[in-house]
Amino acid sequence: MRIIAGKARGRQIEAPEGRNTRPTLDRVRENLFNILQMRIRGAAVLDLFAGSGALSLEAISRGAEKAVLCDNDRSANRTQHRNAEALGFSGQTEILLSDWKKAVRLLSDRGETFDLIFLDPPYRMTDLSEVAAVLEGLLAEDGLVIVEHEAKADVRFGDGFEKTDERKWGFCGMSFYRKTAADAKGTEENE
Numbered sequence: 004m005r006i007i008a009g010k011a012r013g014r015q016i017e018a019p020e021g022r023n024t025r026p027t028l029d030r031v032r033e034n035l036f037n038i039l040q041m042r043i044r045g046a047a048v049l050d051l052f053a054g055s056g057a058l059s060l061e062a063i064s065r066g067a068e069k070a071v072l073c074d075n076d077r078s079a080n081r082t083q084h085r086n087a088e089a090l091g092f093s094g095q096t097e098i099l100l101s102d103w104k105k106a107v108r109l110l111s112d113r114g115e116t117f118d119l120i121f122l123d124p125p126y127r128m129t130d131l132s133e134v135a136a137v138l139e140g141l142l143a144e145d146g147l148v149i150v151e152h153e154a155k156a157d158v159r160f161g162d163g164f165e166k167t168d169e170r171k172w173g174f175c176g177m178s179f180y181r182k183t184a185a186d187a188k189g190t191e192e193n194e
């Protein structure tokens, strides 16, 4: 695996050992970031189920300000630390060894919000309504949640979000969600 573009372009990164993670293929990441290119510069990124950290590290390479990476797999966590350090991104990353629920609670308690939230859960996890319910407060007003899933899967994401796009590359699919207009407006009025 390698970083596709930006200041770390062409640099190799590690994938965690074992079968607990499924790294996003280089060509899929390249296509994804071509779609997101106007949203990256200065963005705050949350990468749940981060695996190697390839998505958030690619975002930093392309100009994202910071990224929080979270995975509950120890091998993935060690790999994320090594990759961030090797690329010189340690100062822009926070790496959490935690399940997604604890990480979201911690970030919510700190009042953090993110412009981009990457979710790459195990492919068997197709009902993400529980995840969506707690992400609503973490997503910036015009932010996006990007879910990687098996291309043929019927992913359920939950209330408060609308799907804005879906792409498929071979066996891999990506669905893009934003807060529904009513929820985004309600957030503005409450501030």
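If you count by my numbering, then the sequence shown holds residues 4 to 194, one letter each, in order. Positions of the beta carbon are idealized from the N, C-alpha and C atoms, including for glycine.
Asked	Found
Pair within 7 Å by beta-carbon distance, K171 and A154	yes
Which of helix, strand or coil DSSP assigns to M4	coil
M41 versus L35: straight-line alpha-carbon distance, rounded	12 Å
Euclidean distance between Cα positions of A136 and I98	23 Å
Alpha carbon of D168 to alpha carbon of A11, nearest angstrom	28 Å
Inter-stretch contact at 8 Å, needing at least 3 Cβ pairs: the stretch 13 to 22 / the stretch 136 to 151	no
Distance CB(I149)-CB(S64) smaller than 7 Å	no
Residue interval of the alpha helix (DSSP H) (run including M177)	No alpha helix (DSSP H) contains M177, which is instead part of the beta strand (DSSP E) from C175 to K182.
DSSP three-state assignment for D168, whether helix, strand or coil	strand
Rounded separation between G9 and A87 - CA only	15 Å
Whole alpha helix (DSSP H) elements within the stretch 76 to 128, 4-residue minimum	77 to 90 and 103 to 112
Contact between the stretch 116 to 130 and the stretch 44 to 55 (3+ Cβ pairs under 8 Å)	yes
I63 (DSSP reduced to helix, strand or coil)	helix
Closest by C-alpha distance to G94, when choosing among E17, L28 and H84	H84
Three-way DSSP call (helix, strand, coil) for L142 in this model	strand
Test: L60 CB closer than 7 Å to a CB of chain D	No chain D appears in this structure, which consists of one protein chain only.
A62 versus I43, R127, N80 and M128, residue with shortest Cα-Cα distance	I43
Continuous alpha helix (DSSP H) assignments of at least 4 residues falling wholly in the stretch 8 to 59	29 to 43
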